[in-house]
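First the structure, in the form of structure tokens, and then the observations on it.
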Amino acid sequence: MPRVSVIIPMLNEQSNIGLLLDLLRKQTQLPDEIIVVDGGSSDTSVDIASNFEEVRIVNASPPVGAQRQKGLEIATGDIVVFLDSDTQPDEHFIEKALSEFTRRKADIACPLFVPTGVNFAVSLLYWFYNLVFIATQQILPSGAGMCIIAKRDFAIGCGGLRKELVYEDIEFIRRCGKKGRYRILPVKLYVSGRRFKQHGAIIMAFKYLALSFFFTLGIFKFAEIIKYPFGKY
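To convert, take the position in the sequence shown, counting from 1, and add 657; that gives our numbering.
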């Protein structure tokens, strides 16, 4: 059975990191390694993560792409699972995701994203994007950095994540998808809808649509004119 490394970029996530790490402890298939890459948190995030003895905490300055790349470089697993700090995997997530990853002979993949704490309209928006990701997975690989699953050696062989890009996750998926087999896995991952609450559903929906336009054209650097509420991820 392949070794699995979970990589979590973190910055000021005291409200979320403890829950995620607790959920990882309850997985039916436990990860072999959990790496939290802190970007210089000024709250109690690091203290909370330190209470989990199985967690390895390292430091890397933002942006989040540099943190993900740091985790990829030091991971020892055959498969890496990038998870954002505010995701909420159910107890079967890793087991099901790896089973589907293997069955579909994927080199890189994303699950289906299901938002929590949002209204019906936002849920529909997420499912619209899930359907788009499924429909285009073989011709225009797309997904989200909230969760990316990849073979470690394959990801490194593709050049890893570009540290200088803000939207490095989509560029990484697109680049790896051209060199290997990208798939959307029929496995749900619950993700936070907090940005829609903080910034408004209409504003976020328009930002997502604008970003989709740039990503479809492959102009990732130009997409940075769209200000996306990072800082927390």
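The C-beta atom is built at its ideal place from N, Cα and C for all residues, glycine as well.
Exercise. Is the beta carbon of glutamate 825 less than 9 Å from the beta carbon of valine 694?
Worked result: With contacts defined as CB atoms closer than 9 Å, glutamate 825 and valine 694 fail to qualify as a contacting pair.
| field | Candidates Gly817, Gln726, Ile691 and Pro659, of which the one nearest arginine 713 by Cα | value | With distances taken between Cα atoms, arginine 713 lies closest to Ile691.
inquiry  = Determine whether the beta carbon atoms of glycine 728 and isoleucine 705 lie at a separation below 9 Å.
reply    = No, they are not a contact pair.
When the distance is taken between beta carbons, is valine 844 closer than 9 Å to alanine 754?
-> Taking 9 Å as the Cβ cut-off, alanine 754 and valine 844 qualify as a contacting pair.
| query | Going by Cα to Cα distance, which pick from Phe750, Ser702, Ala812 and Phe758 is closest to lysine 835? | reply | Closest option to lysine 835, Cα to Cα, is Ala812.
| query | Per DSSP, which one or two residues make a beta bridge with serine 631? | reply | Shown here, the chain extends from 658 to 890; a query on residue 631 therefore has no answer.
**OP:** Identify whether phenylalanine 887 lies in helix, strand or coil by the three-state DSSP scheme.
**Re:** Note that phenylalanine 887 has pLDDT 45, beneath the 50 cutoff, so the model's placement of it is unreliable and the number below is only indicative. Here phenylalanine 887 sits in coil by DSSP.
Separation of serine 707 from phenylalanine 758, as counted between CA atoms:
Near 30 Å, if we compare the C-alpha coordinates of serine 707 and phenylalanine 758.
Cβ-based burial, methionine 803 [other Cβ within 10 Å; buried from 16]: Label assigned to methionine 803: buried.
inquiry  = Less than 6 Å between C-beta atoms, sequence neighbours within five positions excluded: which residues of the same chain meet that for arginine 725?
reply    = For arginine 725, where only same-chain residues beyond five positions count, the Cβ hits under 6 Å are Pro666, Phe739 and Leu818.
Which runs of the beta strand (DSSP E), 3 residues or longer, sit entirely within the region 700-774?
-> With a minimum length of 3 residues, the continuous beta strand (DSSP E) runs that stay inside the region 700-774 are 712-716, 736-740 and 765-773.
Just list the residues that DSSP pairs valine 789 with in beta bridges.
Note: valine 789 sits in no beta bridge, so no partner.
>> Looking at isoleucine 806: is its Cβ nearer than 9 Å to the Cβ of isoleucine 736?
In response: Isoleucine 736 is positioned such that its CB atom lies closer than 9 Å to that of isoleucine 806.
Helix, strand or coil: which one does DSSP assign to tyrosine 824? Note: tyrosine 824 maps to coil in three-state DSSP.
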